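With UniProt numbering applied, the sequence shown corresponds to residues 1 to 391, in that order.
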Amino acid sequence: MSEKFARRMGTVHRSFIREILKVTADPEIISFAGGLPNPELFPVDAMAKASQEVFANIGASALQYSTTEGDAGLRAIIAQRYANRGLTVDPDSILVTTGSQQILDICAKVFLDKGDKVVIERPGYLGAIQAFSIFEPEFVTVSLEDDGPNLEELEVAFKDGAKCFYAVPNFQNPSGVSYGLEKRKAVAELTDKYDVLFVEDDPYGELRFLGEDMPSVYSFCKKPGILCGSFSKIAAPGFRIGWVVAEKAVYDKLVIAKQASDLHTSTLAQAIMRRYLETNDIETHVELIKERYGRQRACMVEMIEKYFPSDVSITRPEGGMFLWATMPEGVSSMDLFDAAIKDKVAFVPGRPFYVDGSGENTLRLNFSNADEVRIEEGIKRLGLSIDSFLK
Ligand code: PMP
1 MSEKFARRMG TVHRSFIREI LKVTADPEII SFAGGLPNPE LFPVDAMAKA
51 SQEVFANIGA SALQYSTTEG DAGLRAIIAQ RYANRGLTVD PDSILVTTGS
101 QQILDICAKV FLDKGDKVVI ERPGYLGAIQ AFSIFEPEFV TVSLEDDGPN
151 LEELEVAFKD GAKCFYAVPN FQNPSGVSYG LEKRKAVAEL TDKYDVLFVE
201 DDPYGELRFL GEDMPSVYSF CKKPGILCGS FSKIAAPGFR IGWVVAEKAV
251 YDKLVIAKQA SDLHTSTLAQ AIMRRYLETN DIETHVELIK ERYGRQRACM
301 VEMIEKYFPS DVSITRPEGG MFLWATMPEG VSSMDLFDAA IKDKVAFVPG
351 RPFYVDGSGE NTLRLNFSNA DEVRIEEGIK RLGLSIDSFL K
């Protein structure tokens with residue numbers, strides 16, 4: 001059968017994280033591996049009510065096919081929420097998508113020919129690496145520092161004919177790193193100067209529990225960029241509702257690519273999400289999430305300081321769902337993973353986030369999906385695992 005597969009599928013693998021999630025299904029394992037929001041914070045009752053109201057009020061139309069662009073009321077709410085945060089966005093420039101993951105797929109279809117140079121962060125978001133890989137680009141990576149990408153490396157990559165730069169400037173998955181204000185401006189300047197299409201993926205930007213909110217890089221770009229958002233982390237991922245903001249020419253192409261992919265995002269899911277947003281205060285809900293994740297992150301950092309050997313360094317994210325640990329050179333987090341599973345604790349080894357095969361000594365820890373009791377116990381187990389592994 002293998003000779004029948006398209007050549008492009010030869011270089012793409014199943015998501016390593018989704019595979020790990022199978023191993024960690026054992027309830028005795030404390031898992032910091034998945035990228036799951038805390039389900040205790042899903043607005044189950046409010047969604048149930050919104051759902052009943054949708055069926056009672058607009059049942060038939062919520063079950064009908066609809067436009068590719070998405071529910072007009074929902075797009076207006078998304079635009080209003082941007083306006084509340086100081087960014088003017090025309091609702092007609094918003095395309096509702098099946099999760100923000102779909103944007104990566106349709107962007108790749110619209111922009112990438114085989115061999116095109118795509119710049120990504122190192123480490124980079126695995127879902128983007130997977131979505132782009134199918135279209136066989138050449139990945140160029142720039143190292144991520146505490147306050148964003150290394151600008152010299154970025155400029156070299158841009159000078160070398162990069163077509164686009166895909167980045168997660170807020171609380172990046174996997175590293176938790178957020179760009180500082182100066183780097184945001186500098187990245188926008190560079191993308192303008194070298195005419196590189198900037199794709200800003202921002203599913204975590206609203207989840208800042210420390211420090212000051214910052215403008216998007218997109219808002220500093222003079223040439224048109226692409227801004228991606230999602231309800232997955234501020235409401236619930238099961239709805240699979242994301243959105244992309246793009247200027248007209250790009251928008252029209254994205255619509256074509258989406259039509260070919262799924263015609264439109266679930267009408268029912270959009271109707272329920274819209275009703276939920278119209279009848280609930282999502283800002284209060286987001287505050288609740290931030291407060292909880294802030295506590296969980298604080299607990300994880302405190303426990304790491306207590307239980308990890310001192311030569312393991314970590315990022316200290318001001319928001320989002322992940323932090324990143326770096327062990328001494330030469331230590332393999334893949335091997336540590338096997339040892340840690342025996343000790344009933346899981347994480348994601350860092351290497352899959354590096355397209356160049358480096359990052360052997362790094363790992364990602366998720367802090368959104370475990371309460372403080374489990375975080376303390378899990379980090380204690382992991383600390384012991386690392387200790388005996390390093391000896
Ligand atoms: N981008 C990033 C950076 C992510 O971490 C995720 C979720 N793992 C996504 C996009 C996709 O999210 P969704 O499709 O649920 O909106």
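Built from N, CA and C at the ideal position, the CB exists for glycine as well. Predicted model only: the values in this text are computed from it and were never measured.
- Looking at the backbone, the Cα of residue 2 and that of residue 132 are separated by about 22 Å.
- Boundaries for residue 275: no beta strand (DSSP E) harbours it, while the alpha helix (DSSP H) harbouring it runs 267–279, taken from the DSSP string.
- Residue 196 carries a coil assignment under DSSP once its states are collapsed to helix, strand and coil.
- Taking a C-beta distance under 8 Å as the contact criterion, residue 167 and residue 189 do not qualify as a contact pair.
- Beta-carbon to beta-carbon, residue 179 and residue 148 are separated by about 4 Å, close enough to satisfy the 8 Å threshold.
- The beta carbon of residue 380 lies closer than 6 Å to those of 307 in the same chain, with the five residues before and after it left out.
- Residue 119 sits close to residue 142, with the two beta carbons spaced by under 8 Å.
- Secondary structure at residue 351: helix, using DSSP grouped into helix, strand and coil.
- For residue 24, the secondary structure class from DSSP, reduced to helix, strand or coil, is coil.
- Those residues placing their Cβ nearer than 6 Å to any heavy atom of ligand 1 are, following chain order, 35, 99, 100, 101, 125, 127, 168, 173, 201, 203, 230, 232, 237 and 242.
- Using a C-beta cut-off of 8 Å, the segment 181–188 makes no contact with the segment 315–329, since fewer than three inter-stretch Cβ pairs fall below that distance.
- Assigned with DSSP and collapsed to three states, residue 201 falls in strand.
- With a beta-carbon spacing of about 12 Å, residue 103 and residue 255 fall beyond the 8 Å limit used to define contacts.
- Residue range 117–122 is occupied by the beta strand (DSSP E) that includes residue 117.
- Of all C-beta pairs linking the segment 106–125 to the segment 269–287, fewer than three are shorter than 8 Å, placing the two stretches out of contact.
- If the five residues before and after residue 262 are omitted, its C-beta is found closer than 8 Å to the C-beta atoms of 98 and 102, all from its own chain and listed in chain order.
- Residue 42 carries a coil assignment under DSSP once its states are collapsed to helix, strand and coil.
- In the structure shown, residue 57 adopts helical secondary structure according to DSSP, grouped into three states.
- Fully enclosed beta strand (DSSP E) runs of no fewer than 3 residues occupy 94–98 of the segment 60–99, in order along the chain.
- Nearest to residue 221 by alpha-carbon distance, out of 92, 140 and 165, is 165.
- Counting C-beta atoms within 10 angstroms of its own C-beta, residue 7 has fewer than 16 neighbours from the protein chains shown and is therefore classed as exposed.
- Counted as a single uninterrupted DSSP element, the beta strand (DSSP E) harbouring residue 167 occupies residues 164–167.
- With a cutoff of 8 Å on beta-carbon distance, residue 36 and residue 280 are scored as not near each other.
- Assignment of residue 302 by DSSP, reduced to helix, strand and coil, places it in the helix class.
- Nearest Cα to residue 218 within the set 191, 207, 208 and 241: 191.
- In the three-state scheme derived from DSSP, where H, G and I count as helix and E and B as strand, residue 107 is classed as helix.
- Contact annotation: residue 47 and residue 272 have beta-carbon atoms nearer than 8 Å.
- The beta carbon of residue 242 sits closer than 6 Å to the beta carbons of 97, 99, 100 and 230 from its chain, once the five residues preceding and following it are set aside; these are given in chain order.
- The residue among 338, 334 and 80 with its C-alpha nearest the C-alpha of residue 359 is 334.
- Residue range 241–245 is occupied by the beta strand (DSSP E) that includes residue 242.
- For residue 181, the secondary structure class from DSSP, reduced to helix, strand or coil, is helix.
- For residue 385, the enclosing alpha helix (DSSP H) starts and ends at 372–390.
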